[in-house]
Amino acid sequence: MNDSMMDLILSSENMHRAWKQVKSNGGSPGADGMTIEEFPDFLKSRWNRIKRALLLGYYVPSPVLRVEIPKKSGGKRLLGIPSILDRVIQQAIAQVLNPLFDPDFSDSSFGFRPERSAHGAVRQVNSYVKSGYKYVVDLDLEKFFDTVNHDILMHRVSGKVRDKSVLKLIGRYLRAGIQLENGEIAPTEMGTPQGGPLSPLLSNILLDRLDKYLEGRNVQFARYADDVIILTKRKCDADKLMREITVFLEKRLKLVVNQTKTKVAKIMECSFLGFTFKGKKIRWTDSSFEDFRYKLKHLTRRSWGVSMEYRIGKLNEYIRGWINYYGISQFYRP
DNA sequence: ACTCAGGCTAC
RNA sequence: GUUGUAGCCUGAGU
Ligand SMILES: Nc1ncnc2c1ncn2[C@H]1C[C@H](O)[C@@H](COP(=O)(O)OP(=O)(O)OP(=O)(O)O)O1
Ligand SMILES: [Mg+2]
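Here this note's numbering is used: position 230 in the first sequence is 1304, and no number is missing along the way.
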């Protein structure tokens, strides 16, 4: 164990794999304006200096670029887009930290994890429904990534990461600052950037405490990012759990429970990852199907300039993609 | 078997 | 204009 974790992160094998991932994402530039195409030449000329700065602990990440995108539920999502270089470095960190943290994560945690999926979460919930669970606490956090508390998160990370230079670097990524759309730079006061390759893992490291808390309470649940569903057999248990979990999240993890999206309901009234559970069967929600119909309508509307074949191709790939996700529905009757 | 495009969904 | 993680699907090439 003579090699430090930072050496492992910066090893050419790991960095090469990180770059391939960032490249294949094909994302647009961060605040420094550098594109993926320009990046290899830039790195060739500067990598020795950058690597030295990282190893000696004086590397300072660029601020993330603030971009606002609309959320499906209405409102706007505040993305924080790192520079290509910082995406590669964060990805390299994530590749080393993931195998370190993932094995100890809960079996009921499904979001952002390798070899785990929304389908897995939905199937687990359905298996509980089949064994007689009738009530749920459906819980969501408000602006989850944006409200992550740095101190609590870093404390969790330091439980497994001993390398001070890695901790320092992650801390600097959390406080990289934000370049606003008007060009001004604002400091980051809290949160992990929506758009940072490392952010999903960090969010799981933080909410792993919730998973362990729920496991300790011996309740059946599934979590996908900040979307948590807890199943009970009696309504009074659900009511009690909702209050207690809210206190836990807000007092111990300093997160904000989304009061409008969080509720106790009968299982067939709840929606989870686009699905609902009716008569012990998995079904898409009405709102998912409405989105589907709306987009179909848009795709079948005649538009000038593109050929019929092109539009039919687009339509087919959309339908195929949608069925591919919602096809696990055991649709029988509406 | 592997590489590379593109796409859908969840968050 | 739009970033990230993950699952899956289709296609092309060697
Ligand atoms: N398109 C995306 N790009 C990057 N990160 C995302 C994206 N969608 C979701 N996330 C991450 C960041 C979010 O904080 C987290 C939970 O998603 P979600 O609950 O939809 O939004 P939110 O928690 O930020 O706002 P809200 O208050 O509406 O719940 O998942
Ligand atoms: Mg949320």
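Built from N, CA and C at the ideal position, the CB exists for glycine as well.
These numbers come from a predicted model, not from an experiment.
Would you report the Cα separation of Ser1157 and Gly1353, rounded to the nearest angstrom? Answer to the nearest angstrom: the Cα atoms are 48 angstroms apart.
When the distance is taken between beta carbons, is Leu1275 closer than 9 angstroms to Asn1200? Taking 9 angstroms as the Cβ cut-off, Asn1200 and Leu1275 do not qualify as a contacting pair.
Give me the residue from Ser1381, Ala1168 and Arg1357 with the minimum Cα distance to Val1231. In this structure, Ala1168 is the residue among Ser1381, Ala1168 and Arg1357 with its C-alpha nearest to the C-alpha of Val1231.
Closest residue to Lys1355 among Lys1328, Ser1403 and Tyr1209 (Cα-Cα distance): Lys1355 has its Cα closest to that of Ser1403, out of Lys1328, Ser1403 and Tyr1209.
For a quick check, are the C-beta atoms of Thr1221 and Val1330 less than 9 angstroms apart? In this structure, Thr1221 lies near Val1330, with their beta-carbon atoms less than 9 angstroms apart.
Does the Cβ of Asn1292 have 16 or more other Cβ atoms within 10 Å, making it buried, or fewer, making it exposed? Here Asn1292 is exposed: its Cβ has fewer than 16 other Cβ atoms, across all protein chains shown, within 10 Å.
Roughly how many whole angstroms lie between the Cα atoms of Arg1407 and Arg1357? In this predicted model, Arg1407 has a pLDDT of only 48, less than 50, meaning its place in the structure is not dependable; the value taken from the coordinates is given anyway. Between Arg1407 and Arg1357, the C-alpha separation is close to 10 angstroms.
Does the beta-carbon of Asp1115 have 16 or more other beta-carbons within 10 angstroms, so that it is buried, or is it exposed? Counting Cβ neighbours within 10 Å, Asp1115 comes out exposed, since fewer than 16 surround it.
Going straight from the alpha carbon of Met1342 to that of Asp1301, what length do you get? Answer to the nearest angstrom: the Cα atoms are 17 angstroms apart.
At 4 residues or longer, what runs of the alpha helix (DSSP H) sit wholly inside the stretch 1234-1281? Runs of the alpha helix (DSSP H) lying entirely within the stretch 1234-1281, each at least 4 residues long, are 1238-1248 in chain order.
8 angstroms Cβ shell around Asp1181 - same chain, five flanking residues per side excluded: The same chain holds no residue with a CB closer than 8 angstroms to that of Asp1181 once the five nearest residues on each side in sequence are set aside.
Name the DSSP bridge partner or partners of Pro1144? Its beta-bridge partners are Lys1150.
Tell me the start and end of each unbroken alpha helix (DSSP H) in the stretch 1168-1238 that is at least 4 residues and wholly inside, in chain order. Within the stretch 1168-1238, the complete alpha helix (DSSP H) runs of at least 4 residues are 1192-1204 and 1224-1232.
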